[in-house]
Amino acid sequence: MKSLKYLVVAFLAIFLVACGAKGGDSGSGKTYNVGVAIYKFDDNFMTLYREELENYFGELSKKTGDKYVLDIQDGKQDQATQTEQINNFIAQGKDVILANLVDPTAAGSIINSAKSANIPVVLINREPEVSELEIWPGKTSYVGADATQSGTFQGEIIAATDSKGDLNGDGVVNYITLFGDPANVDAQQRTTYSVKALEDAGIKKAALAEPYLANWDTAKGQEVTASALEQFGDKLEVVFANNDGMAVGAVTAIKAAKRTVGKDILVVGVDAIPDAMELLAKGELTGTVLNDHFNQSHTAANVAVKLMNGEDVESYYWVDYVKVTKKEDSELKEAEPRTETTKEAKERYAKRDK
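If you count by mature numbering (1 follows the signal peptide of the UniProt record, and there is no 0), then the sequence shown holds residues -21 to -1, 1 to 333, one letter each, in order.
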């Protein structure tokens, strides 16, 4: 009986170890150190992004049995600070670096530094020049959404309204743009292609002023919109905001000026953040464009895992934007990214810019 007892105990021990290994909780998998550089923590979209990134890496750990240790740093919207943080990642020998750059023009030097240490890089959310992704093909990638599409969708939302943006009926859409950041490709393309979409729809438009620099910030968006309303009064019909943070600020200024979104002024943003969706539900925002943090963060993590496993990756992984004019449009669901080579990107951009 004693020998039988020992056999039962031994069997149970083996069974428990096997179950633990199968569940990924035994700690028998590999440990990977992931450096994540965020341009600034105090940003609505990137807050959603990094929270989902952490959640998803946690899911991958449970699924695979591997452990992913994330070191997430706040660049505080200063490239010098962020470069130092990334250099620290390199010195620490991280297994991969995910970088949401303050200044995308810094991508080349960062990739070269990482390459010298054989640490692959996934650039996220802020698109670099195509040439930067040719420095270390297979070991560097950009994961994001094509900002051209987001700007186009903003213009199409305005064009689809009953007034087509011409609320005073004078035949011209008078607008202003709240600009995120002069060095940011997303800001540049949203600014350009939002109004190009009006042109493509055969709608006449006129900028009442040069784009107002509002630095992606809600308070600044409110400040510059209040100034524009004071200067242009009822002549201002449309506010294009490069992101929802600035759009929310614009709505606050519009309310303070005793004007009504949807009735005598239209406002569109990008990101579909909770504050914007709340305004949309109340009819106080014309529309926004979903910048899909859910699928972008998941794709970035999946690409990072491939790189840490020694695999080569594509140069681009694109996650489509979605037009949002009602709550259901913003529902998050799994979506497959589109891949693209640098050659294909160059050809597409050349065609687009003609």
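All C-beta atoms in this analysis are idealised placements derived from N, C-alpha and C, irrespective of residue type, glycine included.
Contiguous beta strand (DSSP E) elements confined to the segment 243 to 306 occur at 245 to 247, 267 to 269, 295 to 297 and 301 to 303, taking only those with 3 or more residues.
From the listed residues Gln58, Arg169, Lys94 and Thr197, the smallest Cα separation to proline 190 is found for Arg169.
Closest in alpha carbon position to glycine 148, among Asp82, Val218, Leu192 and Asp243, is Asp243. Taking threonine 171 as the centre and dropping the five residues before and after it, the same chain places no C-beta closer than 6 Å to its C-beta.
Taking 8 Å as the cut-off, the beta carbon of glutamine 201 is found closer than this to the beta carbon of alanine 232. The beta strand (DSSP E) runs lying completely inside the segment 11 to 86 and spanning 3 residues or more are 46 to 53 and 75 to 78, given in chain order.
For glutamate 319, there is no enclosing alpha helix (DSSP H); the enclosing beta strand (DSSP E) covers residues 317 to 319.
Shown here, leucine 192 sits in a strand according to DSSP, grouped into three states. In this chain, glycine 123 is not harboured by any alpha helix (DSSP H); it is covered by the beta strand (DSSP E) spanning 119 to 123. Excluding five sequence positions before and after threonine 204, the CB atoms of its chain that fall closer than 6 Å to its own CB belong to Ala229 and Ala232, given in chain order. Annotation for glycine 150: Lys183 place their beta carbon closer than 8 Å to its own, counting only its chain and skipping 5 residues before and after.
DSSP places isoleucine 103 in the uninterrupted beta strand (DSSP E) bounded by 100 to 103.
The continuous beta strand (DSSP E) containing leucine 157 extends over residues 152 to 158. Across the structure, phenylalanine 68 and asparagine 274 are spaced so that their CA atoms are roughly 25 Å apart. Within a 10 Å sphere around the beta-carbon of arginine 331 sit fewer than 16 other beta-carbons, which makes this residue exposed.
Each residue's CA atom was taken as its position, placing alanine 176 and glycine 8 some 50 Å apart. Put simply, the backbone Cα of aspartate 141 is about 37 Å away from that of lysine 325. Secondary structure at lysine 183: coil, using DSSP grouped into helix, strand and coil. Looking at the DSSP output, phenylalanine 219 sits in a beta bridge with Thr156 and Val247. If you draw a straight line from the Cα of glycine 241 to the Cα of glycine 266, it comes to about 10 Å.
Proline 116 has Thr119 as its beta-bridge partners, per DSSP.
Each residue's CA atom was taken as its position, placing tyrosine 154 and valine 217 some 5 Å apart. A distance below 8 Å separates the beta carbons of tyrosine 300 and serine 129.
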